[in-house]
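S.K.: Mapping the sequence shown onto my numbering, position 19 (from 1) lands on 19, and the numbers just tick up by one. Sending over a structure as structure tokens; questions will come in a sec.
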Amino acid sequence: MCLGKTVFDYNNNREVKTVKQYVFSFYTVQGKTIVWEEAIPASGMMEAFSKAQRLLVKHKQEKGVPVRVRYKGVRYRQTDIA
Numbered sequence: 001m002c003l004g005k006t007v008f009d010y011n012n013n014r015e016v017k018t019v020k021q022y023v024f025s026f027y028t029v030q031g032k033t034i035v036w037e038e039a040i041p042a043s044g045m046m047e048a049f050s051k052a053q054r055l056l057v058k059h060k061q062e063k064g065v066p067v068r069v070r071y072k073g074v075r076y077r078q079t080d081i082a
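Now the structure itself:
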């Protein structure tokens, strides 16, 4: 599974891999309190939402408090490979 593409950074003379991170806010049912924010690395939106759903289920099992999720955006991160 490829989480990004390899590009050459000409400013630093090295190859880097760009990784997409989908950012989600997890908040209470009332929608007023953000419990936490999570940047989920994934190859696509469906994979990111699936991982977010698993986090929701895990949090409800551990804490017993239902939370909701809101998509905030996508962020690109670069990882050195050379």
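Yeah, the Cβ is synthetic: ideal placement off N, Cα and C, and Gly gets one too. Computed from a prediction, not measured in an experiment: that's the story for all the values here.
To the nearest angstrom, how far is the alpha carbon of Ile34 from that of Pro41?
M.R.: So the two alpha carbons sit approximately 20 Å from each other.
S.K.: For Ser25, which residues from the same chain have a beta carbon less than 6 Å from its beta carbon, with the 5 sequence-adjacent residues on both sides left out?
M.R.: Ile34, Glu37, Arg70 and Lys72.
S.K.: Nearest to Val74 by CA position, among Gln30, Ser43 and Tyr27, is which residue?
M.R.: If we check each option's Cα against that of Val74, Ser43 comes out closest.
S.K.: At 4 residues or longer, what runs of the alpha helix (DSSP H) sit wholly inside the stretch 13–71?
M.R.: For the stretch 13–71, whole alpha helix (DSSP H) runs of length 4 or above, ordered along the chain, are 45–63.
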